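Enquirer:
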Amino acid sequence: MNRFLLFFPAFLFFSTYLPAQDAGILIQSIREKLEKINDYRAQASLKTNIPFLRVPDAEVTVYYKKPNRIKIKNEKGISLVPKESVSISLYSLLNGKYQVIDAGKDKINNIPVRIVKLLPENENADLVLATLYIDASRLLVLKAKITTRENGTDEVILSYGKYAASSLPDKIIFSFNTQDYKLPKGVTFDYDDGSQKKQPPGDQKNQRGKIEISYHSYEINRGLSEDVFK
Amino acid sequence: MWSLLQIELFKIFRKSRTYISFGAIAAMVIIIQAALKYDGKSYIEFLVGGLKDSLEIPYDHILNGYFVCFIILNLLLIHIPLLIALVAGDSIAGEANMGTLRLLVSKPVSRTQLMLIKFAATVIYTALLLIWLAFISLALSILFFGTNDILIARNDSLEIIRRSDVMWRYLAAFAYATVALSTVAALAFLLSVFAENSIGPIVSTISVVIVFTLLSEMQIPLYDRTVKPWLFTSHMLAWKGFFYTKVDAGGSAIPGTIENLQAIMKSFWVLIAYITGFVASAIFIFNRKDILS
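Residue numbers (the working numbering), protein chains in the order written: chain A, 2 to 231; chain B, 207 to 499.
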């Protein structure tokens, strides 16, 4: 999830309606707009749906600081969130060398979107491909697919509401590949109530996890201490 | 009846072996607490395994009093039956060994009453041992580690329960553990009727608990379907069921819920049936026994 949130501020600027413009100019415009968000702090609800995790919904604080610092904190309890596994943000990506490909048009929930693909020129980059689905009429990114060498393909769906004017989403749904989790029964001494259905081996390995973040409020560009990222 | 019960409790708590259990529990709990205080992160890393590479693990928050108490109970509730057997196995056999059993049954109470009082005293001892365990494992852990949400590691999943949702689960778990350990006490009590000294019933009880626990934990389908559901040791672990929560359609844990209360209640009644069977058998045999010592 963090890897998306790192990308997110820059996604906002992909929403610029420039279908006829050169892709390079589009990216340049995005990069310049991206500079305007230095940091934000957001209050949000976190809903976790990972096959091996049973976690109640939590209230969290999301911290972002340019260029690529992101932290999700549950001040009142414990939340397990996916680690940042992509070391670059879209902001830093935009400052790198890559190809921007106009990949046509599509619809998401009956909303027309333009599809833009990003291909890094550096063959050794962790990011393999980023595909953005942009609502050109509202200048918002509605969906992103990010493929990395380390984690496969992650998908992000964004919903907008009261913060749409600031291009900040009200809700993010992030889905990603999950690992298997197993501990020996001799360690856990689980209570077997007789109702557990055993899954065939390998079934869990290909499952996907999903995390939903519903934002309640944002505080933008008010300054953030480095301590919150420790 | 009350005065007889007082006498039986006096007998139990007059013996120094009674306090071995309290001392042993205190020592084990403090050793575990000290180890987790010193290097709890390593233990949590072991529990989360490879997930630490893909998830942010808030070690400092996870290592709290509720979590430490659960670890302690997980480790100790397998072994505490051995301490229960020390006293319960001595209940009748100890009297026979000291030559006081014949004198005891000559009192103007029926043998059935005498047995029920002796078993009640054993159950009170068991309950006190668990209260002691609750105090030092929960209260001291909260004092040393503070409170937070609790992380429960299961064979194939991790659960997080909010701190406001934890305490009632512990109360239910300790209450259930009292019934579970009373089953062991009842078994030792029954075996005590057959012996002339307490070593036999104590060792026999420990042996049965070890063998049954092994059978309960072995992952052999044949035993899982046939033997395991009937072993009382399988049902003794149901206290953990209070820490298993339901999940909603979206995969989120639902606070205040128990995953399978029906199964816990079934286990509860199986244990009650065992206790009733053991104690009734002990009374039946004792009533027919020719007491010579």
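Glycine included, each C-beta is placed from N, C-alpha and C at the ideal position. Note that the structure is predicted; figures quoted are calculated from it, not measured.
From what residue to what residue does the beta strand (DSSP E) around residue 217 of chain A run?
Expert: Counting along the chain, the beta strand (DSSP E) containing residue 217 of chain A begins and ends at 209–221.
Enquirer: With DSSP as the reference, please indicate the residues paired to residue 356 of chain B in a beta bridge.
Expert: Beta-bridge pairing links residue 356 of chain B to B/367.
Enquirer: Can you give me the Cβ contacts of residue 133 of chain A inside the same chain, cut-off strictly under 6 Å, excluding the 5 residues immediately before and after it?
Expert: Same-chain partners within the cutoff: 15, 117, 142, 145.
Enquirer: Under 8 Å, Cβ to Cβ, is there at least one residue of chain B near residue 61 of chain A?
Expert: No, residue 61 of chain A lies away from the interface with chain B (no Cβ there is under 8 Å from its Cβ).
Enquirer: Taking only beta carbons into account, state which residues of the segment 286–307 of chain B come closer than 7 Å to chain A, listed in chain order.
Expert: Listed by position, the residues of the segment 286–307 of chain B near chain A (Cβ gap below 7 Å) amount to none.
Enquirer: Whole angstroms are fine: how far does the CA of residue 374 of chain B sit from the CA of residue 355 of chain B?
Expert: About 14 Å.
Enquirer: Do you know whose CA, among A/184, A/148, A/139, lies nearest residue 166 of chain A's CA?
Expert: Residue A/139 is the option with its Cα nearest to residue 166 of chain A.
Enquirer: Between B/254, B/240, B/327, which has its C-alpha nearest residue 357 of chain B's C-alpha?
Expert: It is B/254.
Enquirer: Quick check on this structure: which residue in A/48, A/39, A/81 has the alpha carbon closest to the alpha carbon of residue 238 of chain A?
Expert: Since the first residue shown for chain A is 2 and the last is 231, residue 238 of chain A is missing from the structure and cannot be characterised.
Enquirer: Which first and last residues belong to the beta strand (DSSP E) in which residue 382 of chain B is found?
Expert: Run containing residue 382 of chain B: none in the beta strand (DSSP E); it sits in the alpha helix (DSSP H), 373–400.
Enquirer: Thinking C-alpha only, which one of A/114, A/219, A/79 is nearest residue 105 of chain A?
Expert: Checked all of A/114, A/219, A/79; the closest Cα to residue 105 of chain A is A/114.
Enquirer: Taking only beta-carbon positions, decide if residue 53 of chain A is within less than 8 Å of chain B.
Expert: Chain B contact via Cβ: present.
Enquirer: Taking residue 435 of chain B as the query, report the chain A residues whose CB atoms sit under 7 Å from its CB, ordered along the chain.
Expert: Going along chain A in sequence order, the residues near residue 435 of chain B (Cβ under 7 Å) are 195.
Enquirer: From residue 490 of chain B to residue 321 of chain B, what does the alpha carbon distance come to, in whole angstroms?
Expert: Answer to the nearest angstrom: the Cα atoms are 10 Å apart.
Enquirer: With 16 as the cutoff for other CB atoms within 10 Å, does residue 498 of chain B come out buried or exposed?
Expert: Classification of residue 498 of chain B: exposed, given that the 10 Å Cβ count is below 16.
Enquirer: Using a Cβ-Cβ cut-off of 8 Å, state whether residue 375 of chain B counts as contacting chain A.
Expert: So, not an interface residue.
Enquirer: Could you check what DSSP says for residue 165 of chain A in three-state terms: helix, strand or coil?
Expert: Residue state, collapsed to three classes: helix.
Enquirer: For residue 458 of chain B, return the contacting residues in chain A, with the cut-off set at a CB-CB distance below 9 Å.
Expert: Chain A residues near residue 458 of chain B: 48, 49, 50, 55, 56, 57, 58.
Enquirer: Beta-carbon separation of residue 191 of chain A and residue 270 of chain B under 8 Å?
Expert: Not a contact, by the Cβ cut-off of 8 Å.
Enquirer: Would residue 391 of chain B pass as a contact of residue 329 of chain B if the rule is Cβ separation under 8 Å?
Expert: A contact, by the Cβ cut-off of 8 Å.
Enquirer: With a threshold of 7 Å on Cβ separation, who are the neighbours of residue 70 of chain A within its own chain once the five nearest residues in sequence on each side are excluded?
Expert: 230.
Enquirer: How about residue 353 of chain B and residue 55 of chain A: are their beta carbons less than 8 Å apart?
Expert: In this structure, residue 55 of chain A does not lie closer than 8 Å to residue 353 of chain B by Cβ.
Enquirer: According to DSSP, which residues form a beta bridge with residue 50 of chain A?
Expert: Its beta-bridge partners are A/211.
Enquirer: Please report how far the alpha carbon of residue 36 of chain A lies from the alpha carbon of residue 224 of chain A, in whole angstroms.
Expert: Approximately 14 Å, taken between the alpha carbons.
Enquirer: Helix, strand or coil: which one does DSSP assign to residue 486 of chain B?
Expert: Residue state, collapsed to three classes: helix.
Enquirer: How many angstroms separate the CA atom of residue 473 of chain B from the CA atom of residue 442 of chain B?
Expert: Rounded to the nearest angstrom, the two C-alpha atoms are 8 Å apart.
Enquirer: For residue 201 of chain A, which residues in the same chain have their Cβ closer than 6 Å to its Cβ, ignoring the five residues on either side in sequence?
Expert: Unreliable placement is indicated for residue 201 of chain A, whose pLDDT of 45 sits below 50; the coordinate value is still reported in the next sentence. Counting only Cβ-Cβ distances below 6 Å, and skipping sequence neighbours, we find nothing.
Enquirer: Listed in chain order, which residues of the segment 460–473 of chain B have Cβ atoms closer than 9 Å to some Cβ of chain A?
Expert: So the list reads 460, 461, 465, 466, 468, 469, 470, 472, 473, given in the order they occur along the chain.
Enquirer: Quick one: give me the first and last residue of the beta strand (DSSP E) that residue 135 of chain A is part of.
Expert: Unbroken beta strand (DSSP E) run through residue 135 of chain A: 128–136.
Enquirer: So who's on the other strand from residue 82 of chain A, going by DSSP bridges?
Expert: DSSP output for residue 82 of chain A lists B/262 as bridge partner(s).
Enquirer: Go to residue 105 of chain A, then tell me how far its beta strand (DSSP E) extends in each direction, as first and last residue.
Expert: Where residue 105 of chain A is concerned, the enclosing beta strand (DSSP E) stretches over 99–109.
Enquirer: Quick check: the Cα distance between residue 298 of chain B and residue 399 of chain B, rounded to an integer number of angstroms?
Expert: Cα to Cα, residue 298 of chain B sits roughly 6 Å from residue 399 of chain B.
Enquirer: In terms of residue numbering, what span does the beta strand (DSSP E) encompassing residue 64 of chain A cover?
Expert: From DSSP, the beta strand (DSSP E) with residue 64 of chain A extends over 59–66.
Enquirer: Short check: CB of residue 277 of chain B to CB of residue 236 of chain B, under 8 Å?
Expert: Result no, Cβ atoms of residue 277 of chain B and residue 236 of chain B do not sit closer than 8 Å.
Enquirer: In angstroms with no decimal places, state the Cα-to-Cα distance between residue 397 of chain B and residue 482 of chain B.
Expert: In a straight line, the C-alpha of residue 397 of chain B is about 14 Å away from that of residue 482 of chain B.
Enquirer: From this set, B/350, B/274, B/258, which residue's C-alpha is nearest residue 84 of chain A's C-alpha?
Expert: It is B/258.
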